[in-house]
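Undergrad: For the sequence shown, the numbering used here gives the first residue as 394, with consecutive numbering after it.
Glycine included, every Cβ here is placed at the ideal spot set by N, Cα and C.
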Amino acid sequence: MSHPSAPLPLGAVTVTDPFWHAKQELVRTQVIPYQWEALNDRVPGAAPSYVIHNFAAAARQRDRRTAQGAAFKAPTLTNRGFETWPEDSDHPDPDTFYGLVFQDSDLAKFIEAAAYSLAGHPDATLEAEVDAAIDLICSAQLDNGYLCTYYILTGMDQHFTNLEFNHELYCFGHMTEAAVAYHEATGKDALLEAMKRFADYIDSRFGPQEGKLKGYPGHEEAELALVRLHQATGEQRYLDLAKFFLDQRGTDPEYFHVEAERAKAEGYPRAGWDADMAYFQSHEPVREQDEAVGHAVRAGYLYTGMADVARETGDQSLVEACERLWRSIVDRKLYVTGGIGGTVDGEAFSYDYDLPNDLAYSETCAAISLVYFARRMLQLRPRSEYADVMELALYNTVLAGVALDGKSFFYVNPLEVTPEGSAKDSRKRHVKPVRQPWFGCACCPPNLARTVADVASYAWTATDDTLFTHLYVGGQVSAELSGSPVRLDVTANLPWSGEGSAVLHCGSGVTGTLAFRLPGWSDADDAALSASAEADGRISREVVDGYVYFTGTWRDGDTVSFDFPMPARVLAANPAVREDTGKVALARGPITFTFEEADNGADLHLLRLDPQALEPGGIAVEPWQGLGEPMVRLRVPVRRLPAAQGAPLYSAYRPQAGEAGQAYAIPYYGWANRGENEMSVWIRA
394 MSHPSAPLPL GAVTVTDPFW HAKQELVRTQ VIPYQWEALN DRVPGAAPSY VIHNFAAAAR
454 QRDRRTAQGA AFKAPTLTNR GFETWPEDSD HPDPDTFYGL VFQDSDLAKF IEAAAYSLAG
514 HPDATLEAEV DAAIDLICSA QLDNGYLCTY YILTGMDQHF TNLEFNHELY CFGHMTEAAV
574 AYHEATGKDA LLEAMKRFAD YIDSRFGPQE GKLKGYPGHE EAELALVRLH QATGEQRYLD
634 LAKFFLDQRG TDPEYFHVEA ERAKAEGYPR AGWDADMAYF QSHEPVREQD EAVGHAVRAG
694 YLYTGMADVA RETGDQSLVE ACERLWRSIV DRKLYVTGGI GGTVDGEAFS YDYDLPNDLA
754 YSETCAAISL VYFARRMLQL RPRSEYADVM ELALYNTVLA GVALDGKSFF YVNPLEVTPE
814 GSAKDSRKRH VKPVRQPWFG CACCPPNLAR TVADVASYAW TATDDTLFTH LYVGGQVSAE
874 LSGSPVRLDV TANLPWSGEG SAVLHCGSGV TGTLAFRLPG WSDADDAALS ASAEADGRIS
934 REVVDGYVYF TGTWRDGDTV SFDFPMPARV LAANPAVRED TGKVALARGP ITFTFEEADN
994 GADLHLLRLD PQALEPGGIA VEPWQGLGEP MVRLRVPVRR LPAAQGAPLY SAYRPQAGEA
1054 GQAYAIPYYG WANRGENEMS VWIRA
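1) Compare the beta carbon distance of Y609 and L556 with 8 Å and say whether it is the shorter of the two.
2) Taking buried to mean at least 16 other C-beta atoms within 10 Å of its own C-beta, is A1036 buried or exposed?
3) Give the range of the beta strand (DSSP E) segment to which R962 is assigned.
4) Using the beta-carbon count (16 or more within 10 Å), is N1066 buried or exposed?
5) Could you check what DSSP says for G868 in three-state terms: helix, strand or coil?
6) Flag this pair as touching only if the region 885-894 and the region 838-858 have three or more C-beta atom pairs under 8 Å; answer yes or no.
7) Can you give the Cα-Cα distance for T862 and L907, rounded to whole angstroms?
8) The alpha helix (DSSP H) spanning F957 covers which residue range?
9) Since L546 and V870 are thought to touch, with beta carbons under 8 Å apart, how far apart are those beta carbons, to the nearest angstrom?
10) What is the residue span of the alpha helix (DSSP H) that Q829 lies within?
11) Identify every run of the alpha helix (DSSP H) within the region 570-600, keeping only runs that are complete inside it and at least 4 residues long; order them along the chain.
12) Counting only C-beta atoms, is L897 closer than 8 Å to chain B at any point?
13) In chain order, what residues of the same chain have a beta carbon less than 7 Å from the beta carbon of E927, not counting five sequence neighbours either side?
14) In the structure shown, what three-state DSSP assignment does I545 receive?
15) Using only alpha-carbon positions, find the residue among I445, A592, S510, N1070 that is nearest to Y543.
16) When the Cα atoms are used, what is the spatial distance from V406 to G513?
17) Report the option in Y865, S915, T811 whose CA atom is closest to the CA atom of F988.
18) Which first and last residues belong to the beta strand (DSSP E) in which L979 is found?
19) Are there 16 or more other CB atoms within 10 angstroms of the CB of N993, so buried, or fewer, so exposed?
20) Under the DSSP definition of a beta bridge, which residues are partnered with F988?
21) L718 and D683: beta carbons closer than 8 Å?
22) Between Y851 and Y1062, is the Cβ-Cβ spacing less than 8 Å?
23) Taking 8 Å as the limit between beta carbons, can you name the residues of its chain near E740, skipping five residues before and five after?
24) So, do the region 692-704 and the region 613-630 have three or more beta carbon pairs nearer to each other than 8 Å?
25) Quick one: give me the first and last residue of the alpha helix (DSSP H) that F448 is part of.
26) Could you check how far apart the C-beta atoms of R769 and A700 are, in whole angstroms? I think they sit under 8 Å.
27) Drop a sphere of 10 angstroms on the beta-carbon of K817, count the other beta-carbons inside from all chains shown, and report buried for 16 or more, exposed for fewer.
28) Let me know if T952 comes out buried or exposed under the rule of 16 or more other beta-carbons within 10 Å of its beta-carbon.
29) Ordered along the chain, which non-local residues of its own chain (more than five positions away) have a Cβ less than 8 Å from that of T409?
30) Going by beta carbon distance, what residues of the same chain come within less than 6 Å of I932, once the five residues before and after it are set aside?
31) Suppose you measure from the CA of T736 to the CA of A965; what does that come to, to the nearest Å?
32) Are there 16 or more other CB atoms within 10 angstroms of the CB of P838, so buried, or fewer, so exposed?
33) Please report how far the alpha carbon of T489 lies from the alpha carbon of E476, in whole angstroms.
34) The alpha helix (DSSP H) that contains R621, what's its start and end?
35) Return the CA-CA distance between W1017 and W429, expressed in angstroms with no decimal places.
36) What is the rounded straight-line gap between the Cα of P749 and the Cα of E713?
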């Protein structure tokens, strides 16, 4: 295993990129304030969150416990429901838990997004709001360190008894990630200290030692968070606990079955305990798994945690398992938009090559989990394919999850939509033709916000002597190269143009390596990258796994230039993908394009790509601001078959050439910003 790399510290990168800076500004000025209002149940017409409500209720309960002492009567768990909502939403009981069992995590992801935003753009008002939220969270924490409002409010007598479905370890994971990020961004450690206490309590209850619980999270997230906490604190116990959770998964006896039988014997039977363990990725020990299965978000977080632990421990068997699982996703289960999870049944991976378009689930959170997994694989071994997939997911499915104004969101990201089908076909109940203002299960909006706000951590990683550029994002990057401080000023114009440069500022005679990815979407060879220092022999060049390594002695002002051709590409799916047989999709650079009714009229299924489009110059690339921001669209020669309204349902077959014309394809992330209309990524050839 090669020496792993790490993301740069918060504040080490200033993103000036015209594309990503605008997206981060959208998160900072629109998404974060909007989500704060949503978490406080102040957005008219949006599903209420109750997350602030729950923490406030838990804090009041702790005050009562303190005031009453031995006379305090703790609640005992009687409600086994996965979600609870007030009968009268205008008058919720102030002391009752509402929402889903993992509602705490929405506030955690909001805090993490705010942390990344504050690191690059100090904001006293936002910081005060977050500080107040953290004070509230800490006020709800029990003396033993436990912190999950669901069990605090409904009955601690049953905490850690339903790991399979009640996500207290998942909530711990997200709150821990938020704590580490906020400490790195602001230096404040109140939430970090709180989560260390919670981690210590979990460690006291779980482990291989006699008398400890042998369980693991039903919804993975704690594993990767514990590694992050280990990195922030240096505490080995947290890494050991992450490894324990991984090692326990898929072992015999199956813990979730043992747990459910115990609950049944104690009079707390619950439905679903006999679910397929593949849903939880616990059907086999993690080192033996070779197919991505089950709930796609859980899977992505698990694989991320596996790669994290492998990197920290040098466990080659975990690395090999991660590589097999990566191949399963990328070779057989990945949408052309970078989405994963083909079926609504369990929000899960389907079988190999089953990638339906109109029934796709492709959850926003699942694409985000793929981004996390990809970066961890890059840290283990820089291969351009990992960055290609990470980039594909970021520019397409992740960004499609939020409207261009930042105030509505997709949970599900289909590749084909007819509004009538969404309205009338119960099989498509999960597919929305327009984004929603919020969700009762609102995991995706704050997850998207934290990812966009932290895009720099995916663009660059470093070792002691190498600075890697994985994504071509414009900005100023401060790092160390072989112990010497350097700054890399990157100018880039992606995703609309493939040229740019990186100028190194340093002291004289700095020795080290700058490594740049060769994007898979460009046919360019390594000549598309050139270093000015090559001319006098100070710098050598080597290409390994799709990265160009420039190594040698650098001087202030040395420049690496890049120019990646970016023609429109016509893509076909593997013939095993039945949904896409005889169809094509269009892409350019990292962007996947789609057709909308707003540009092309109804009945998109009648469009056929004209054969001349496959000739050079057949697909025109046009600058476009039809959605209110600069982008490009593709002008595509097509033939449109007649709708034949009023014709018989069936008739004798007659070949039809169709009427020649033009169709327009826009970036996938921009669809559904002009109201309800048809959409299709794939059209017939």
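TA: Concretely, from the data shown:
1) yes
2) exposed
3) 961-964
4) buried
5) strand
6) no
7) 8 Å
8) F957 -> no alpha helix (DSSP H), and no H or E assigned at all.
9) Actually they are not in contact, since the Cβ atoms of L546 and V870 sit about 45 Å apart, beyond 8 Å.
10) No alpha helix (DSSP H) holds Q829; DSSP gives it neither H nor E.
11) 583-598
12) Within the model displayed, chain B is absent; a lone protein chain is all it includes.
13) R934
14) helix
15) I445
16) 8 Å
17) T811
18) 976-981
19) buried
20) A1058, S1073
21) yes
22) no
23) H688, A689, V690, G734, Y754, E756, A759
24) yes
25) 444-461
26) 4 Å
27) exposed
28) exposed
29) G867, G868, Q869
30) A924, A926, F943, G945
31) 21 Å
32) buried
33) 12 Å
34) 615-626
35) 33 Å
36) 29 Å
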